[in-house]
Amino acid sequence: MSSLHPETRVVHLPKPKLNGSTPISVPIYQTSGFVFDDPAVFADGMGRPDGAFVYGRLSNPTVRSLEEAVAGLEGGAGAVATGSGMGAISTVLLGLLRSGDHVIAQTALYGGTATVFKDLEARYGISVTYVPEADPGAVRDAVRPETKLLYLETIANPMTQVADIPAMSAAAREAGLVTVVDNTFASPLLCRPIELGADVVVHSTTKYLSGHTDVLGGIAVAATDELYRRIWTHSLELGATADPFAAWLTLRGIQTLPLRMERHCSNTRLLATRLAEHPAVAAVHWPGLPSHPSYDVAAKLMPEFGGVFSFDLKGGRPAGEAFMKGVRLALLAPSLGGVETLILHPATTSHRGLDAAGLAAAGIGEGTVRVAVGIEHPEDLWADFQQALEGGAGA
1 MSSLHPETRV VHLPKPKLNG STPISVPIYQ TSGFVFDDPA VFADGMGRPD GAFVYGRLSN
61 PTVRSLEEAV AGLEGGAGAV ATGSGMGAIS TVLLGLLRSG DHVIAQTALY GGTATVFKDL
121 EARYGISVTY VPEADPGAVR DAVRPETKLL YLETIANPMT QVADIPAMSA AAREAGLVTV
181 VDNTFASPLL CRPIELGADV VVHSTTKYLS GHTDVLGGIA VAATDELYRR IWTHSLELGA
241 TADPFAAWLT LRGIQTLPLR MERHCSNTRL LATRLAEHPA VAAVHWPGLP SHPSYDVAAK
301 LMPEFGGVFS FDLKGGRPAG EAFMKGVRLA LLAPSLGGVE TLILHPATTS HRGLDAAGLA
361 AAGIGEGTVR VAVGIEHPED LWADFQQALE GGAGA
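Using full-length UniProt numbering, read the sequence shown as starting at 1 and increasing by one per residue.
Have a look at this one:
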């Protein structure tokens, strides 16, 4: 299967074999545990991620199908599915770090991740140095004897800075660091960080992979078997286990990922391009625009530029609030990657854990609006945005 295109691989997912036959679709194994005839097989399954299915916190056939599918798409040795995206991030960080370690992370981060780093520093003395997402020299300058990990996002939330993964991971490898990349905003269809030098890739499967705003989940993919087993072992202790039904829904969503991503990206291109020319708009932040600081890096790494962008209105926060109240088709709601177009105010929602200095460092203004573009007809979306701008947001 590894020789096939991703568009084909998402259709032909890994499935458990049953008495000489294979189900067409992955079944839901909604059970907490499994019965054994042989005590030795039972004991062996308790100690490794690829052994017999024993207990739901260790492994489950439906969950393993999801793990194998995403590991295959990302080019990894193995994957650990979790109950949420933050579950995947926390499992990786807590599994690979210990008290007194040092982390280098890009400045522009998802608010939840930034909050985790603040908590790790306060509770465990794990210090963090923040660097630009495309400056390998800053990584080299930040390395200390106790540095263990570099943390990046393929496309940053919400200002869409794009990490130069090859250059940054190369600098990390020189110092013996593990590079972790959050690939949620790109999906494996637009970027595969392991192929670019990353050691671990994390996703909120809640977003593009499941794609229908009905699942909460996460996954961590490791480039090597050694890292995979380290992360799996810690996941048992943390207990951020994926639910079989959520895993099944995610598998169902993955099969249409290429079709959805194509529409997400084309719709985003239309909206971002037209908003950039609108007199009420001060700036549009999307790496597919030549004016974006990450355009050259993004064009080098990805075939398309993603389905999320942010923009600032000239009227500041009052204009942003008026726009969010004025839309009729787009929905004021959290999350992204579903079929619906969603908007939110990052400073008070996804990045509410950052203080004023943190928001400024991430490039987030008081009036910034984030748009997670869905798969509706693009002209309907544009008409909705136009009427919201004309109804007071552009005043």
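All residues carry an ideal CB built from backbone N, CA and C; glycine is no exception.
Predicted, not measured: the structure shown is a model, and the values here were computed from it.
- Taking the Cα of Ser32 as reference, the smallest distance to any Cα among Arg57, Ala52, Asp50, Thr8 is reached at Arg57.
- Taking C-beta atoms as the reference points, Val92 and Ala242 fail to come closer than 7 Å.
- Counting the other Cβ atoms within 10 Å of the Cβ of Ser99 gives fewer than 16, which makes it exposed.
- Around Asp101, the same chain offers Ile126, Glu146, Lys148 as residues with beta carbons nearer than 7 Å, after the five sequence neighbours per side are excluded.
- Under the three-state reduction of DSSP output, Leu58 falls in the coil class, being neither helix nor strand.
- In this chain, the alpha helix (DSSP H) harbouring His264 covers 257-276.
- Residue range 200-203 is occupied by the beta strand (DSSP E) that includes His203.
- The beta carbon of Thr250 sits closer than 7 Å to the beta carbons of Leu66, Thr205, Leu209, Ser210, Val215, Gly217 from its chain, once the five residues preceding and following it are set aside; these are given in chain order.
- Within its own chain, the residues whose Cβ lies closer than 8 Å to the Cβ of Ser90, once the five positions on either side in sequence are excluded, are Val116, Leu238, Ala240, listed in chain order.
- The straight-line gap separating the alpha-carbon atoms of Ala347 and Ala105 is approximately 20 Å.
- In the DSSP annotation of this structure, the continuous segment of the beta strand (DSSP E) that includes Leu344 starts and ends at 342-344.
- Among the bridge pairs identified by DSSP, Arg9 is matched with none.
- Where Lys325 is concerned, the enclosing alpha helix (DSSP H) starts and stops at 316-326.
- Annotated three-state conformation of Gly76 is coil, per DSSP.
- Listed as beta-bridge partners of Val308 by DSSP are Ala372.
- Look at Gly391 here: in three-state DSSP terms it is helix.
- If the five residues before and after Ala198 are omitted, its C-beta is found closer than 8 Å to the C-beta atoms of Leu152, Ile165, Ser169, Thr179, Val180, Val181, Ala223, all from its own chain and listed in chain order.
- A Cβ-Cβ distance of about 18 Å is found for the pair Ala175 and Ala134, leaving them out of contact under the 8 Å criterion.
- Gly218: member of the beta strand (DSSP E) spanning 218-222, first to last residue.
- Here the stretch 323-334 makes no contact with the stretch 283-295; the two share fewer than three CB pairs at distances below 8 Å.
- When the Cα atoms are used, Met302 and Leu196 turn out to be separated by approximately 11 Å.
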